[in-house]
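Position one of the sequence shown corresponds to residue 1400 (my numbering), numbered consecutively onward. For glycine and all other residues, C-beta sits at the position ideal for the given N, C-alpha and C. Being a predicted model, the structure only gives us computed values, none of them experimental. Report on one structure; see the data block that follows.
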Amino acid sequence: MTQRLAQIALVVDDYDRAIAWYTEKLGFTLVEDTVLSETKRWVLVAPKGSDGCRLLLARAATPHQEQAIGNQSGGRVFLFLHTDDFAQDLAAMKAKGVEFVREAERQPWGT
């Protein structure tokens, strides 16, 4: 039996704002944006050129979900991206206003 991750849900406060952030700031591709109901959409984003796991942007529907926005990984690193040019991608993200909580450093698992 072969398995792989397909999507990882990320609770957001607003679909359009989240789409804009991931596509404009991180350079992700909007893979799908399907209206499911008046209040719910199926929104998938992924790094450009990626054919692997995608982020499912899910709008918070309850107060409990709203409380998780911005801390869904409990303070741990949420997203690990593989890149063929770390310095270029880092510079591009900074130029687009992405804020990093600390400077990049080499670790056994990557930079």
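| Item | Value |
| --- | --- |
| 8 Å contact criterion, which LYS1495 and GLU1423 should meet: CB distance rounded | 7 Å |
| VAL1411 and THR1428 closer than 9 Å at C-beta | no |
| Pairwise C-alpha distance: PRO1462 and VAL1476 | 24 Å |
| Other residues of its chain near GLU1431: CB distance less than 8 Å, five sequence neighbours each side excluded | TRP1441, VAL1442, LEU1443 |
| ILE1468 (DSSP reduced to helix, strand or coil) | coil |
| Those residues which DSSP pairs with GLN1406 across a bridge | ARG1453 |
| Contact test: ASP1412 Cβ vs the ligand FAD heavy atom, cutoff 8 Å | You won't find the ligand FAD in this model; it holds no ligand whatsoever. |
| Sheet register partners of PHE1427 (DSSP bridge) | PRO1446 |
| Alpha-carbon spacing of ASP1488 relative to LEU1425, whole angstroms | 9 Å |
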